[in-house]
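The structure appears below as structure tokens.
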DNA sequence: TTGTTAGTTCTGCAAATTAAGAACTAAACA
DNA sequence: TGTTTAGTTCTTAATTTGCAGAACTAACAA
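Chains as they are written, first to last, in our numbering: chain X, 64 to 219; chain G, 64 to 219.
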């Protein structure tokens with residue numbers, strides 16, 4: 064099984080991508096795996112290639128891969144007469160993921176509405192600011208939905 | 064110093080908000096503090112009131128408060144002839160924060176462009192998908208900027 | 001039937017996070 | 001001058017996280 068060679072630049076890029084994913088809340092190992100699958104010349108890598116290239120243990124790789132599989136961030140193909148799975152980045156999942164994380168962000172709004180609903184009328188100034196934020200987030204939410212629609216239309 | 068009473072509903076709402084913030088990457092104690100400042104009837108609470116109401120130690124409160132202060136999530140006022148600081152949620156910071164986290168999200172784009180630039184031409188299909196994602200994210204970024212402009216205009 | 005491949009699962013450790021409690025400090029008061 | 005107040009900082013201590021390494025498994029191969 065041929066092993067993957069990375070240039071210094073590629074290694075650095077993987078680290079930088081890794082940091083980005085970690086900051087977004089992902090664990091270190093999955094972060095590196097997804098970064099590797101984006102950067103390496105080959106786009107389809109086996110379990111062993113991932114372990115070796117990233118210098119992580121099989122258990123770390125197994126957990127990382129399963130996490131990413133169930134999140135839909137990666138998938139794999141197989142070749143007939145070859146028991147190995149070839150893992151690859153599901154690049155197209157990014158649109159969905161962007162959308163999902165936008166929704167999470169904007170999901171705060173529901174909670175803020177509940178907060179406002181239960182607040183005493185007496186804290187008028189505070190309530191008014193809160194109402195403004197809620198209105199803004201609703202606005203943003205609607206507009207973001209429109210952007211996605213606009214994009215789909217534009218693609219045609 | 065009068066102590067803060069919370070209804071069962073308020074306590075639950077604080078926990079739910081707390082979980083939201085934790086999922087967004089904030090530590091538990093700061094998450095509860097900000098939630099408390101949103102939910103409690105009084106919008107301006109002292110250090111001691113925060114400690115007592117949330118049942119956290121002074122050190123936990125001190126660290127949480129300083130974190131939130133330096134993130135701009137809360138601020139405080141003082142009353143003349145009263146050494147205490149009265150902490151409150153900077154509700155208006157949410158627009159900025161929303162924007163910041165959008166930018167972080169969309170900042171992935173710069174990295175993806177770098178990835179694409181260093182990829183071999185041979186992985187054409189992959190590169191094409193990547194290019195599509197980049198184009199989409201650029202589109203999204205521009206549109207989001209427009210939304211903010213539109214909002215500011217609309218407020219007048 | 002024995003071995004090999006492609007992983008998975010289990011056990012345990014090392015490092016990082018988070019908070020408690022106590023000791024400390026700086027300002028204001030008495 | 002000592003005392004109280006409003007915090008801060010320091011030192012543990014308790015979790016939690018994340019991974020290595022080894023043992024395991026299931027499928028196929030020889």
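For each residue, glycine too, the CB sits at the ideal point set by N, CA and C. As the structure is a computational prediction, the values presented were derived from the model and not from experiment.
{"query": "Residue environment, residue 173 (chain G), which counts as buried when at least 16 other CB atoms sit within 10 Å", "result": "exposed"}
{"query": "Which listed residue (X:94, X:84, X:98) has its alpha carbon closest to that of residue 76 (chain X)", "result": "X:98"}
{"query": "Residue 83 (chain G) versus residue 111 (chain X): straight-line alpha-carbon distance, rounded", "result": "37 Å"}
{"query": "Per DSSP, cross-strand counterpart(s) of residue 150 (chain G)", "result": "G:108, G:139"}
{"query": "Span separating the alpha-carbon of residue 179 (chain G) from that of residue 148 (chain G)", "result": "52 Å"}
{"query": "Distance between beta carbons of residue 67 (chain G) and residue 106 (chain G), contact taken as under 8 Å", "result": "The Cβ separation is near 11 Å, so there is no contact."}
{"query": "Neighbour flag for residue 158 (chain G) against chain X, beta carbons, 8 Å", "result": "yes"}
{"query": "Three-pair Cβ contact test at 8 Å for the stretch 191-211 of chain G versus the stretch 158-169 of chain G", "result": "yes"}
{"query": "C-alpha gap between residue 213 (chain G) and residue 216 (chain X), whole angstroms", "result": "22 Å"}
{"query": "Cutoff 8 Å: residue 192 (chain X) Cβ touching any chain G Cβ", "result": "yes"}
{"query": "The stretch 92-121 of chain X: positions lying closer than 7 Å to chain G by Cβ", "result": "101, 102, 104, 106"}
{"query": "Within chain X, the residues that residue 88 (chain G) reaches when beta carbons sit closer than 7 Å", "result": "88"}
{"query": "Residue range of the unbroken alpha helix (DSSP H) whose run includes residue 69 (chain X)", "result": "Here residue 69 (chain X) belongs to no alpha helix (DSSP H), and DSSP marks it neither H nor E."}
{"query": "Span separating the alpha-carbon of residue 119 (chain X) from that of residue 133 (chain X)", "result": "20 Å"}
{"query": "Touching by the beta-carbon criterion (3+ pairs, under 8 Å), the stretch 126-144 of chain G and the stretch 89-97 of chain G", "result": "yes"}
{"query": "Same chain, Cβ closer than 8 Å to residue 189 (chain G), five either side skipped, listed in chain order", "result": "182"}
{"query": "Continuous alpha helix (DSSP H) stretch holding residue 195 (chain G): start and end", "result": "187-218"}
{"query": "Distance, residue 192 (chain G) Cα to residue 100 (chain X) Cα", "result": "14 Å"}
{"query": "Reference residue 137 (chain X); option with closest CA among X:146, X:144, X:143, X:152", "result": "X:152"}
{"query": "Neighbour list for residue 199 (chain X) in chain G, Cβ cutoff strictly below 7 Å", "result": "158, 214"}
{"query": "Contact with chain G by residue 161 (chain X), beta-carbon distance below 8 Å", "result": "yes"}
{"query": "Proximity test, Cβ basis, 8 Å: residue 210 (chain G) and chain X", "result": "yes"}
{"query": "Close beta carbons around residue 81 (chain X), own chain, < 8 Å, minus the five adjacent residues each side", "result": "91, 94, 95, 98"}
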